[in-house]
Ligand SMILES: NC(=O)c1ccc[n+]([C@@H]2O[C@H](COP(=O)([O-])OP(=O)(O)OC[C@H]3O[C@@H](n4cnc5c(N)ncnc54)[C@H](O)[C@@H]3O)[C@@H](O)[C@H]2O)c1
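Numbering (this note's numbering), first residue to last: 8 to 253.
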C-alpha cells in the first residue's frame, strides 16, 4: 500500500498519535507536512522522517485559526505541492464534571477539536477536488462512541467530528475523495500521561491487557489513506484493542 507521490498534512504531528501517523505515512512514500502549534516538536518529527530517508517539512500552525491554516496550507503547497491526504489529528482533552464546565472551556474544546478540522478541511479539500482524488481521515475518539464521565465537552466535540465525517463522505462520494474517522481507544501518549489516569491500571482492564501504541492508530490511518481503501468512505475504523465493539 504505497503512498508514493502523495502529499499529506498531519495536524498535531509534533508528538503522540500525530507523530506516529506522520512517520508511518512517510515510510510508505508520502511527502508529509507536519503541522503543530509546537514548531520545535514538529521539526523533530520532520527530522526523524528525513533521517529515515523520507520527505517532510515542519509547519508551525494553529489548526484552529483560519488565517494560520491558510498560511500553513500555502507553505505546504509551495514546498510539497497540492495536498491529497489530510489527517485531522490535532486535539485537546480535559476532565471536568459537567456543571463545572464554563463557557470558555466549552468553546475552547469545540474550537480546537471540531472547528479546527472544519477549517483545515475547508482549506485543503479544493486541492483534492482539483485532483479528483483525496483521503480525509479524522481522529475522533472512543469517548464519543461509549460516553465518558467528566468529558461532555470532549465527547461532544468528537461526536461532531463523526457527524462531519459522515456528511462529507456523502458530499464527496462521487469526487474521488473518501472521508473516514478513526476513534482511538486508550492510547499511551503524552496527552494520556498528563491526565489524571493511572495508565498501567487502566491498561490492565483492557481485553488485550495493554494500552494501544500510537503506531496502532497510525497503521489504520495509513490503510484509509491508501488507494486500496478507495471504496471505503464514511466509516469508523476503531483502534481500541477490543474495548468497544461496534
Ligand atoms: N491518546 C488517546 O488515548 C486518545 C484517545 C482518543 C482520541 N485521541 C485523539 O487523538 C488525537 C491525538 O491525541 P494524542 O494523545 O496524540 O495527543 P497529544 O497531546 O500527545 O498530541 C496532540 C498534538 O496536537 C497538537 N495540537 C493541539 N492543539 C493544536 C492546535 N490548535 N493546532 C495545532 N496543533 C495542536 C499538540 O501541540 C500536540 O503536539 C487527539 O485528537 C485526541 O483527542 C487520543
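C-beta: ideal position from N, C-alpha, C; glycine also.
Go ahead and pull the three-state DSSP assignment for residue 253. coil
Could you name each continuous beta strand (DSSP E) segment of 3 residues or more that falls completely within the segment 13 to 53, going from the start of the chain to the end? 14 to 18, 38 to 43
What three-state label does DSSP hand residue 142 in the structure shown? strand
Counting pairs of Cβ atoms below 8 Å between the segment 75 to 92 and the segment 49 to 60, do you hit three or more? no
For ligand 1, any of its heavy atoms closer than 6 Å to the Cβ of residue 114? no
Between the alpha carbons of residue 203 and residue 161, how many angstroms are there, rounded? 15 Å
Close beta carbons around residue 223, own chain, < 6 Å, minus the five adjacent residues each side: Result list for residue 223: 246, in chain order.
Just how far apart, CA to CA, sit residue 109 and residue 117? 12 Å
Roughly how many whole angstroms lie between the Cα atoms of residue 210 and residue 27? 20 Å
Quick one: what does DSSP say residue 225 is sitting in, helix, strand or coil? The three-state secondary structure of residue 225, taken from DSSP, is helix.
What do you reckon, is the C-beta of residue 97 under 6 Å from a heavy atom of ligand 1? At least one heavy atom of ligand 1 is nearer than 6 Å to the Cβ of residue 97, so yes.
Can you tell me the Cα-Cα spacing of residue 73 and residue 126, whole angstroms? A straight line joining the alpha-carbon of residue 73 with that of residue 126 spans about 6 Å.
In chain order, what residues of the same chain have a beta carbon less than 8 Å from the beta carbon of residue 219, not counting five sequence neighbours either side? 191, 192, 193, 194, 195, 246, 247, 248
Establish whether the CB of residue 29 and some CB of chain B are separated by less than 7 Å. Looking for chain B here will not work: only one protein chain is present.
In chain order, what residues of the same chain have a beta carbon less than 6 Å from the beta carbon of residue 175, not counting five sequence neighbours either side? Answer for residue 175: 186, listed in chain order.
Does ligand 1 have even one heavy atom less than 6 Å from the beta-carbon of residue 198? yes
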